[in-house]
Amino acid sequence: DQQVKQNSPSLSVQEGRISILNCDYTNSMFDYFLWYKKYPAEGPTFLISISSIKDKNEDGRFTVFLNKSAKHLSLHIVPSQPGDSAVYFCASYSGGYQKVTFGTGTKLQVIP
Amino acid sequence: DTAVSQTPKYLVTQMGNDKSIKCEQNLGHDTMYWYKQDSKKFLKIMFSYNNKELIINETVPNRFSPKSPDKAHLNLHINSLELGDSAVYFCASSRISTGSGYTFGSGTRLTVV
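Structure (structure tokens):
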């Protein structure tokens with residue numbers, strides 16, 4: 079039962095263009111949605127989050143959009159840089175103890 | 007000055023052995039976690055401790071036993087290792103508050119041969 083899905087295993091984007099990573103979820107009880115970035119041989123790093131009461135959160139080049147009716151969120155990176163090349167995990171949780179459920183990740187390659 | 011540190015980084019061992027992975031965090035967080043990333047890259051929660059108390063215990067074989075001597079440490083002991091236990095194990099910590107993310111360790115790659 080995969081409650082958080084990232085249907086694109088990989089994505090290639092030219093440097094300077096926009097990267098859009100997508101995520102779908104099934105559990106309508108999720109309160110928070112997060113994006114993590116992971117480089118090889120390192121642990122995931124928290125990138126940005128959004129609460130279920132918002133539909134957009136922005137932090138520098140990174141913006142997360144939440145569409146609750148469609149149970150869909152996306153991460154926009156503008157402009158994309160080669161250092162953004164990594165695996166991006168979508169994640170979400172409900173309740174106070176933060177039992178976070180992760181998607182399977184999308185590998186982003188930003189081409190110089 | 008690593009925030010969440012795991013040891014060892016790599017662990018190769020034979021089937022049937024017992025091994026431990028240690029995790030320590032210096033962030034003052036009150037909650038710690040163990041996640042397993044299998045060959046299909048799924049990151050699945052195994053256990054979570056809040057102030058040394060077990061709060062999340064997913065469907066994990068009894069051969070896996072977490073121990074939290076204090077809120078800065080969460081160790082994972084695995085008995086009678088099997089081939090299917092081969093994976094990357096990540097420790098993480100967080101403060102129980104809405105919207106905050108985990109801080110992950112760099113992972114322990116366990117290979118059972």
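From first to last, the protein sequence lines are chains B and G.
Here the first sequence is numbered in this note's numbering, starting from 79 and rising by one per residue.
Here the second sequence is numbered in this note's numbering, starting from 7 and rising by one per residue.
Glycine included, C-beta positions come from ideal geometry on N, C-alpha and C.
{"Item": "For B:K149 and chain G, any beta-carbon pair shorter than 8 Å?", "Value": "no"}
{"Item": "Determine the extent of the beta strand (DSSP E) in which G:M38 is found, giving its start and end residues.", "Value": "37-43"}
{"Item": "For the beta strand (DSSP E) containing G:Q12, name the first residue and the last one.", "Value": "10-13"}
{"Item": "Find the nearest neighbour of B:T104 within the set B:S97, B:L89, B:K83, B:P118, judged by alpha-carbon distance.", "Value": "B:K83"}
{"Item": "Starting from B:L89, trace the beta strand (DSSP E) in both directions and tell me its first and last residue.", "Value": "88-92"}
{"Item": "Counting pairs of Cβ atoms below 8 Å between the region 23-40 of chain G and the region 78-93 of chain G, do you hit three or more?", "Value": "yes"}
{"Item": "Output the distance between the C-alpha atoms of G:T104 and B:I131, rounded to the nearest integer angstrom.", "Value": "With a pLDDT of 47 at G:T104, under the threshold of 50, the modelled position of that residue is not reliable, and the figure given next carries that caveat. Between G:T104 and B:I131, the C-alpha separation is close to 12 Å."}
{"Item": "With 8 Å as the limit, tell me which residues of the region 110-122 of chain B have their beta carbon closer than that to any beta carbon of chain G; keep them in chain order.", "Value": "Y110, L112, Y114, A119, E120, G121, P122"}
{"Item": "Span of the beta strand (DSSP E) holding B:S127?", "Value": "123-129"}
{"Item": "Is the shortest distance between the beta-carbon of G:T104 and the beta-carbons of chain B less than 8 Å?", "Value": "With a pLDDT of 47 at G:T104, under the threshold of 50, the modelled position of that residue is not reliable, and the figure given next carries that caveat. Cβ-Cβ to chain B under 8 Å: yes for G:T104."}
{"Item": "Using 8 Å as the threshold, is the C-beta distance between B:S152 and B:L99 below it?", "Value": "yes"}
{"Item": "Just to confirm before moving on: does the CB-CB distance between G:Q17 and G:L116 stay below 8 Å?", "Value": "Note that residue 17 of chain G is Leu in the sequence shown, not Gln. Yes, they are a contact pair."}
{"Item": "Along chain G, which residues have their Cβ under 7 Å away from the Cβ of B:G183?", "Value": "K47"}
{"Item": "Out of curiosity, what's the CA-to-CA distance linking B:R95 and B:V156?", "Value": "7 Å"}
{"Item": "Between G:P67, G:D44, G:E30, G:L87, which lies nearest to G:Q20 when the distance is taken from Cα to Cα?", "Value": "G:L87"}
{"Item": "In terms of residues, what are the limits of the beta strand (DSSP E) holding G:I84?", "Value": "79-84"}
{"Item": "Are the C-beta atoms of B:V142 and some chain G residue less than 8 Å apart?", "Value": "no"}
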